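The structure appears right after this line, and notes come after that.
Number of protein chains: 2
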Amino acid sequence: MARIRQTGSTDVAVPSASPVIPGRGRLRPLGLGEVEITGGFWFDRQDVNSSATLAHCQEWMERLSWVGNFQAAVEGSLPEARRGMQFSDSDVYKLMEAMTWEVGRSGSADADRRFRGLVEVIAPAQEEDGYLNTCFGRPGQGARYSDLEWGHELYNYGHLFQAGVARARTNGPDEFVEMAIRAADHVCRVFGQGGIEGVGGHPEVEMGLVELARLTGEERYLDQAELFIDRRGHQTLADIDWGRAYFQDDMPIRDADVFRGHAVRAMYLAAGAVDVAVERGDDELLAAVIRQWENTIARRTYVTGGMGSQHTGEAFGDDFALPPDRAYSETCAGVGSVMLAWRLLLATGEARFADLIERTLYNVVATSPSPDGRAFFYANPLHQRVPGAVPPQDVESHRASSSLRAPWFHVSCCPTNVARTFASLAVYLATADDTGLQLHQYADSRIRTTLEDGRMVGVDVATGYPHQGAVSLTVIETSDRPWTLSLRVPAWATGARVIDPDGGSKPAGGAVSMERAFVVGDVIRLELPIEPRWTFPDPRIDAIRGCIAVERGPLVMCVESVDLPDQRNVGSVWVDPSVSPADHGESVIVTGQLSDLKSEPWPYGGDTTAELAGPGPDVDVPLVPYHHWANRGPATMRIWIPVTPGEARHSN
Amino acid sequence: MARIRQTGSTDVAVPSASPVIPGRGRLRPLGLGEVEITGGFWFDRQDVNSSATLAHCQEWMERLSWVGNFQAAVEGSLPEARRGMQFSDSDVYKLMEAMTWEVGRSGSADADRRFRGLVEVIAPAQEEDGYLNTCFGRPGQGARYSDLEWGHELYNYGHLFQAGVARARTNGPDEFVEMAIRAADHVCRVFGQGGIEGVGGHPEVEMGLVELARLTGEERYLDQAELFIDRRGHQTLADIDWGRAYFQDDMPIRDADVFRGHAVRAMYLAAGAVDVAVERGDDELLAAVIRQWENTIARRTYVTGGMGSQHTGEAFGDDFALPPDRAYSETCAGVGSVMLAWRLLLATGEARFADLIERTLYNVVATSPSPDGRAFFYANPLHQRVPGAVPPQDVESHRASSSLRAPWFHVSCCPTNVARTFASLAVYLATADDTGLQLHQYADSRIRTTLEDGRMVGVDVATGYPHQGAVSLTVIETSDRPWTLSLRVPAWATGARVIDPDGGSKPAGGAVSMERAFVVGDVIRLELPIEPRWTFPDPRIDAIRGCIAVERGPLVMCVESVDLPDQRNVGSVWVDPSVSPADHGESVIVTGQLSDLKSEPWPYGGDTTAELAGPGPDVDVPLVPYHHWANRGPATMRIWIPVTPGEARHSN
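Going down the list, the sequences are from chains A and B. Numbering that gives the first Met the number 0 puts the first residue of the first sequence at 0, with every later residue one more than the last. Numbering that gives the first Met the number 0 puts the first residue of the second sequence at 0, with every later residue one more than the last.
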């Protein structure tokens, strides 16, 4: 399907370069040659990712010898010279994936040069039989696959495969792609029928194998992915202190009702399962994943889209156990959730998956990096009670939380996950099917594709989204026969309207589809009501009972102490939901009261309402987009704000 | 001061046998020869502890070779034969402490035999220079004191010292006491001035050293304890992922404002600091600990008295971060809190410390063991969302939470901590000073002591406490001169009355002191209003906003699903605080509603009040004492119950 560039050439368009290209499904993904973000919120982030983050990540991984581990493998100085965690190889691969998407997106010569440089370092470390890992298999190291729980060998391969696929799809086959293929062949030999009947402690290889099968047409890779999916849940991994649910090895994926255990592991496994289900036409498996997704969205997901409410085991908590302050909501779980929802969107065409992608991109993934692209949040709590510490700038941070964005982490999966997501972000904007184009995410962009019948269709999108709600689409490619343009209307966008090229206006709920013989220059306008709105939680979410939040369009807002008089702790803020929140530029103003309660010797007893009676006059409380928080130094912050007691009956 | 029994004799009274005998302070502790629990709530637990728990703990430690490690040390089969965590030695010592208190309490020949048997195993393992540890110092093991963060060598000694003191005070000097002294001399040589300038990762040795100094008059032990207290907080321990606060090594104890980090470590350190402060007359150090205690009680303590709100690092959370469901509230932190509060009570005479002891004993320590004394809670959450799993009965549990009480744990500090607390529990009931007796805790008991001027005074206490509020005291020893009987009135006991021997009745708030020339047979009655009462939380405790609890006397109550129609999840219960809770035997009935909310696809959005409107007719909701929960099989449970929405204005 793809016109693939040859190695060394950077001037050939690669329309279908995309991380996920299913063999079947309701929607067809577009590639980086078909969708381009041209301005606005995400363009700025792609720009910073290209100009700063890629080099930043490489510098840290060279400084900490995560790249050097490969050199040491070649030089024979392992295990003594080895540095970093057992999965540090994977971060190099994820960075390479980001670089090669960046080449595909922008043709960046710098990213291409960096990528090739890393290949030169890594390639010689691959062993004759395809095995590639700097942490196992040499004298003085653990034996290959001797620690399936924590060794991360298969996990590392998964990232190698995804990077290899990205390279093949943006550049064409080369030495690196061949490395990935050799490693995949090795995995199939070792873990295939008759081989080790195990799974890796951290899912990821499943997605990589399926995508490599899609790239190469090699059925064995798909078989192996299916084996891994089916083997998991049969307790082949150890029963660790956190239980086998940590690895999703507590029950077969077909039997589970909800995501549980380590959140990133759960997302990666589910995404791999969807890949297998789609390729095999395994509707039962697909339905099992969708059932788990539905229950997780209804009961175990933060308003930001964040997943994982427990620091312990970086894991999902019980239903409705969603503490905002101890939210883990790991950046990588957000990336994983986007990957999963994207696969489900392609498989089903259902807008709810695109809704979650939008929510998660704006409120989890975009929250992680600093504006300069050189520091990151690992965890994304919804409430910061004490101003975060400034993390070390010269050594990697050992703290996944309770600090401001850190330049690098001891476990540094998140920065490269953000980088590869940003570099490939355009692909999430739109899809195609036999009848036309579907727009899922709104950004200044140019979208063009060739339909199955050979017609070229395309639109330019102009918008101030997410800060403004007007989206203007101009048809730039069409044919004289009708085709269908579908626009997702986010679930929150009550009162949205669409205006067709003739000026006809109609209410738009759910997706809007417009079938007509468009002409070049036709303008379609979508008006999304992004006015700030109060959001109430399900009463079963105990941790935020009596609180409300404000959302504005797709953005979750928060109050940050740097915006309060005397930088008071956000714990002093109470809001009155009987007054509607008001726009104030890209901020929102709500009416509230400030009350610093006096400390009682013992915080439990008689009715404490009296203490709060008359907590002072109404004040304007400014809220900023959550993704923007902690960009102005240490601060306290909260998304869910208590309702002033007299107003509690409105909200509880 | 003590008349000490000679080794081998079990018929000599040891009046002052007590874990803590300060050289100065406002109150003087009584010993096991002076206070005896004769019936009721705690008597039953002491009985089970004696008849079941001591043997249960020994069986598990023999089965898992934690005792065998000492034999292996002598036989030279370490490190290969070593089993258990690096601190397993300490559990043997804590069990021995429990056994020897039991000998002191009841004269149990079985406990004495067990104790002596363990001494025979352990004694030969002590090395020439006093070093005693099964985990370090041999070929193939880590060098002595090579891992101060996690090695637990000093922690183990602390428990050895406390056990040695207990033995000396209940039995008199013997081989085991000498072992403790030799080990203490070793510690002073190695860690004294000019030695290793470090501290252990887990405080405990400080308390042990001070008590050994009190026992022996050896000033060097006190000097060493003071050195350890003063050294901590100067960052000599590693900066681990959870930060140095985990070890309380982030700042000197004199500079801290609140307890933080690992809760058990924090309690043990603070208790040791009080010991040092008292012996040195260091009022600044004492004031520093009291300040931290006050802030911790006001902001970081559960209504149960439980401490430690984070599973991660088993640690205190931020101020007002007190999630009921993810409460860790480790049993050992409760025991440590009792130890600390007891020292503060002796030092200051202030009733607030006895209040916390009562709260913690009834609602944390008593919650841990099963009625048969053969299974224990490690963590004591205030909300169980999913019925706990039945833990393994034949192997040690690796789960500190999310299961029912387990017979034993991989890390099994809690069972022996409960055992030693129960065996010595009588000492917490009363104290003496120059003027008379002070009663702090109410139980069927006999309390007698000799005042400084040689007069013998004593009372018999008869009560159905905590289930009934009437306490009757009969004078059994007195003199013809006046002396003072003081009775603590718990802070919750609004409306308490005291009736003097003449029948005169007066309101009793705080402590009640009665100075008179009592005669034998005088009866004093204290009437504590233990009727169930609503308890509201401080509005800053976000996790329980909009919820209320019921307390009855010193007992925190809870709703348990086994008491609900169809064993519904406690998440379906809402209560109406406008109707007072009513007694129902030892249970309480509140008025509430049951409402199983329908699941929404996305749990955030518009006003959700409507869903709860009319959640059904009023029903009686039974509440049971929290310490009793999970004794009837897997169940969900909660202490803090949401207020029915229409009633929210009463509670928020």
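Glycine residues also receive a C-beta, built at the ideal position from the N, C-alpha and C atoms. In this text, all values refer to a predicted model and were calculated from it rather than measured experimentally.
Item	Value
Check this for me: beta carbons of Thr295(A) and Val334(A), under 8 Å apart or not?	no
With H, G and I counted as helix, E and B as strand and the rest as coil, what does DSSP make of Ala548(A)?	strand
CA-CA distance, Arg81(A) and Ala255(A)?	39 Å
Would DSSP call Asp146(A) helix, strand or coil?	coil
Considering only DSSP beta bridges, list what Arg515(A) is partnered with.	Trp482(A)
Is Pro553(B) near the ligand COA, in the sense that its beta carbon is under 7 Å from a heavy atom of that ligand?	As far as ligands go, the structure on display features none, and thus does not contain the ligand COA.
What are the partner residues of Leu659(A), as DSSP defines its beta bridges?	This structure leaves residue 659(A) out entirely; chain A is present only between 0 and 651.
Classify Met266(A): buried if its beta carbon has 16 or more other beta carbons within 10 angstroms, exposed otherwise.	buried
Taking 8 Å as the CB-CB cut-off, is Pro414(A) touching chain B?	no
Count the other CB atoms, across all protein chains shown, that sit within 10 Å of the CB of Lys505(B); report buried if there are 16 or more and exposed otherwise.	exposed
Mark Ser15(B) as exposed unless 16 or more other C-beta atoms lie within 10 angstroms of its C-beta, in which case mark it buried.	buried
Secondary structure at Gln291(B), three-state DSSP: helix, strand or coil?	helix
Can you give me, in chain order, the residues of the segment 532–550 of chain B that have a beta carbon less than 9 Å from any beta carbon in chain A?	Arg532, Trp533, Thr534, Phe535, Pro536, Asp537, Pro538, Arg539, Ile540, Asp541, Ala542, Ile543, Arg544, Gly545, Cys546, Ala548 and Glu550
Determine the burial state of Lys93(B): buried for a count of at least 16 other Cβ atoms within 10 Å of its Cβ, exposed for fewer.	buried
Work out the CA separation of Asp248(B) and Leu236(B) for me, nearest whole Å.	7 Å
Determine, for Asp324(B), whether the minimum Cβ-Cβ distance to residues of chain A falls below 8 Å.	yes
Closest to Gly584(B) by C-alpha separation, out of Gly116(B), Gln467(B), Ile543(B) and Val474(B), would be which residue?	Gln467(B)
Name, please, each residue of chain A whose Cβ falls closer than 9 Å to the Cβ of Leu596(B).	Asp537, Pro538 and Arg539
Please identify, using Cβ separations under 7 Å, the residues of the segment 342–373 of chain B that lie next to chain A, in order along the chain.	none
Grab me the residues of Ile399(B)'s own chain with a C-beta within less than 6 Å of its C-beta, minus the 5 sequence neighbours each way, in chain order.	One detail in the question is off: residue 399(B) reads as Ala in this sequence, not Ile. Within the same chain, Ala399(B) has close Cβ partners Tyr377 and Ala378.
Taking only the alpha-carbon atoms, compute the straight-line gap between Asn416(A) and Leu159(A) and give it to the nearest angstrom.	13 Å
Since His310(A) meets chain B, which of its residues come closer than 8 Å, beta carbon to beta carbon?	Gln309, His310 and Thr311
Take every Cβ of the segment 70–85 of chain B, pair it with every Cβ of the segment 137–150 of chain B, and state whether three or more of those distances are shorter than 8 Å.	yes
Classify Ala609(A) as helix, strand or coil using the three-state DSSP reduction.	Per-residue confidence for Ala609(A) stands at a pLDDT of 44, beneath the threshold of 50, marking its modelled position as unreliable; the derived number appears in the next sentence. Note: Ala609(A) maps to helix in three-state DSSP.
So what does DSSP say about Arg524(B), is it helix, strand or coil?	strand
Would you kindly work out how many angstroms separate the C-alpha atoms of Val389(B) and Trp628(B), rounded to a whole number?	14 Å
Which residues bound the beta strand (DSSP E) around Gly457(A)?	Met455 to Thr462
Pro624(A) bridges to which residues according to DSSP?	Met556(A)
Less than 8 Å between the C-beta atoms of Glu278(B) and Val363(B), yes or no?	no
Just list the alpha helix (DSSP H) runs in the segment 328–394 of chain B, keeping only unbroken ones of 4 residues or longer that don't cross its boundaries, in chain order.	330–347 and 350–362
Using beta carbons (cut-off 8 Å, strictly below), is Gly591(A) in contact with chain B?	no
If contact is defined by three or more beta carbon pairs under 8 Å, each pair taking one atom from either stretch, is the segment 28–37 of chain B in contact with the segment 353–368 of chain B?	no
Could you check whether the Cβ of Val385(A) sits closer than 8 Å to any Cβ belonging to chain B?	yes
By DSSP, does Met84(B) sit in helix, in strand, or in coil?	coil
How about Asp317(A): is its C-beta nearer than 8 Å to some C-beta of chain B?	yes
Just checking my contact of Ala510(A) with Ser485(A) at CB under 8 Å: how many whole Å lie between their CB atoms?	5 Å
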